[in-house]
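A.B. asks: Could you have a look at this structure, given as structure tokens, before my questions?
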């Protein structure tokens, strides 16, 4: 064999070794976690450390092998093309309400993509052999009772998050709300995940759905525009509504607490118009059958609409309360103040109670056809306040 052939073989060998090394570098870095859960659909979200094409395999609940038969594969697509990237949001439609499903996630590295020539690498996945598949249960407005947890103003205090949500379990907790200021600013993806989402996934978010209600601190930082992509909703916005059992939930985004022109926002704020947009949407929501027929109607917003003369709360008060008053709202749940307050209905201002949760406590809620019970608990699990409506 001449030197030219030897050199060519060496180059080819190094090339394939290089590709092999690249392929092995694909990892699932964050997630998966459940988003936009509805009666007939769900979205599963996760990230990888390099570009990949991803899919979710879904099976009915059961103790039989996940691979007892071929399972349907769901991909994220855009106009007929499978999406290649590092953020993966797979929507699974056509599900039955109030039904449990098992799922597994897969990502295959895309090493090269030129025209229609794609070079694939290794596959990363959730544990498909030594652990049971992850699971979720679709929503069901006919369910007789539900429970949920609300946290807020964590500001990246992961230990508090762990202690406050330690009792969240699949099958007993229907959903979890993060009601704003889970971090102090949205500077990058790393801060977002290390601040609260990674630990949420470790504890429950792969099976118990998390619904996000943005706080004023999440409007800040260069990642603030991108992070909603990590929290898909049924409206495509950070304000949305849904029903689970006897409760209709309205999630509003109060934006910032100071005028748009405030120097702190560096000319990037447009929250007055955004709140007007929500006001119009809210007027439509309260006319829906799902809202009108719900036994309990709950509004979540980070910034309370009362108790402050600042511009943000005043704008929320002027735009949202006139729509909500007279609609039979059971309670509004807020954060922002870093202290607990219970505000009884105030004539001509708000005809429903407002509960403001502290930064270091949780609100555990049980709702059935008769009662709506809210318990404030400490990081140690001690019950401080109990309200029943």
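Residue numbers (the working numbering): 2 to 390. Think of the CB as a built atom: it goes at the ideal place given N, C-alpha and C, for glycine as much as any other residue.
1. If you scan the region 111-169 from start to end, which runs of the beta strand (DSSP E) of 3 or more residues do you find wholly inside it?
2. Taking only the alpha-carbon atoms, compute the straight-line gap between residue 253 and residue 286 and give it to the nearest angstrom.
3. Within a Cβ cutoff of 6 Å, which residues of the same chain sit near residue 33, ignoring the five residues on either side of it in sequence?
4. I'd like the list of long-range same chain contacts for residue 204, defined as Cβ closer than 8 Å, with 5 residues on each side in sequence excluded.
5. With DSSP as the reference, label residue 218 as helix, strand or coil.
6. For residue 85 versus residue 111, is the C-beta spacing smaller than 9 Å?
7. What are the residues that DSSP puts in a beta bridge with residue 103?
8. Does residue 191 pass the burial test, meaning 16 or more other C-beta atoms within 10 Å, or should it be called exposed?
9. Alpha carbon to alpha carbon, how far is residue 157 from residue 194? Give it in angstroms, no decimals.
10. So what does DSSP say about residue 277, is it helix, strand or coil?
11. Which residues in the same chain have their Cβ closer than 7 Å to the Cβ of residue 187, if we skip the five residues on either side of it in sequence?
12. For residue 87 versus residue 52, is the C-beta spacing smaller than 9 Å?
13. Applying the criterion that 16 or more other CB atoms from any shown protein chain within 10 Å of the CB defines a buried residue, is residue 306 buried or exposed?
14. For residue 153, which residues from the same chain have a beta carbon less than 6 Å from its beta carbon, with the 5 sequence-adjacent residues on both sides left out?
15. Rounded to whole angstroms, what's the CA-CA distance from residue 341 to residue 334? Just pull it up for me.
16. So what does DSSP say about residue 307, is it helix, strand or coil?
17. Quick one: Cα of residue 103 to Cα of residue 264, how far?
18. What would DSSP say about residue 353, mapped onto helix, strand or coil?
19. Output needed for residue 387: all residues of its chain with C-beta closer than 6 Å, excluding positions within five of it in sequence on either side, in chain order.
20. Checking 9 Å against the spacing of the C-beta atoms, do residue 209 and residue 174 come in under that value?
21. Please check the pair residue 176 and residue 212, which I expect to be a contact at CB under 8 Å, by giving their CB distance rounded to whole angstroms.
22. Taking DSSP as the reference, what is the three-state secondary structure of residue 36?
23. Which partner residues of residue 109 appear in the DSSP bridge assignment?
24. Can you name the residues that DSSP bridges to residue 378?
25. Buried or exposed: where does residue 89 fall if 16 or more other Cβ atoms within 10 Å of its Cβ makes it buried?
26. What separation, rounded to the nearest whole angstrom, lies between the Cα atoms of residue 231 and residue 198?
27. Between which residues of its own chain and residue 369 is the CB-CB distance below 7 Å, once the five residues before and five after are set aside?
28. Please report how far the alpha carbon of residue 120 lies from the alpha carbon of residue 43, in whole angstroms.
29. Run through DSSP, which three-state label would residue 42 get?
30. Return the chain-ordered list of same chain residues with a C-beta closer than 8 Å to the C-beta of residue 261, the five sequence neighbours on each side being excluded.
31. Alpha carbon to alpha carbon, how far is residue 251 from residue 196?
C.D. replies: By the coordinates alone:
1. Whole beta strand (DSSP E) segments, 3+ residues: 118-126, 135-138 and 147-152.
2. Taking the straight line joining both Cα atoms gives about 12 Å.
3. Excluding positions up to five away in sequence, the list reads 45, 47, 106 and 207.
4. Contacts found: 163, 166, 167 and 169.
5. In this structure, residue 218 counts as helix in the three-state DSSP scheme.
6. Yes.
7. Beta-bridge pairing links residue 103 to 60 and 136.
8. The residue in question, residue 191, is exposed, as its Cβ has fewer than 16 Cβ neighbours within 10 Å.
9. One C-alpha to the other measures close to 9 Å.
10. Residue 277 carries a helical assignment under DSSP once its states are collapsed to helix, strand and coil.
11. Cβ neighbours of residue 187 beyond the five flanking positions: 193, 219, 221, 222, 224, 225 and 228.
12. Contact annotation: residue 87 and residue 52 have beta-carbon atoms nearer than 9 Å.
13. Burial call: buried.
14. Within the same chain, 180, 181, 336 and 358 come within 6 Å of residue 153 by CB-CB distance, once the 5 residues on both sides are set aside.
15. Roughly 11 Å between the two C-alpha positions.
16. Looking at residue 307 - three-state DSSP - the assignment turns out to be coil, as it is neither helix nor strand.
17. Computed Cα separation, rounded: 49 Å.
18. In the structure shown, residue 353 sits in coil (DSSP, three-state: anything other than H, G, I, E or B).
19. When the five nearest sequence neighbours on each side are left out, the beta carbons in the same chain lying within less than 6 Å of the beta carbon of residue 387 are those of 376, in order along the chain.
20. Closer than 9 Å, so yes.
21. Yes, residue 176 and residue 212 are in contact; Cβ-Cβ is about 6 Å, under 8 Å.
22. Looking at residue 36 - three-state DSSP - the assignment turns out to be strand.
23. As a beta-bridge residue in DSSP terms, residue 109 pairs with 54 and 124.
24. BP columns for residue 378 point to 363 and 384.
25. Under a 10 Å Cβ-count criterion, residue 89 is classified as buried, with 16 or more other Cβ atoms of the shown protein chains found around its own Cβ.
26. Rounded to the nearest angstrom, the two C-alpha atoms are 10 Å apart.
27. Within the same chain, residue 369 has close Cβ partners 145, 146 and 247.
28. Rounded to whole angstroms, residue 120 to residue 43 spans 30 Å at the Cα level.
29. DSSP places residue 42 in the coil class of the three-state scheme, outside both helix and strand.
30. For residue 261, same chain residues with a beta-carbon under 8 Å away, outside a window of 5 residues either side, are 270, 271, 272 and 273 in chain order.
31. Near 25 Å, if we compare the C-alpha coordinates of residue 196 and residue 251.
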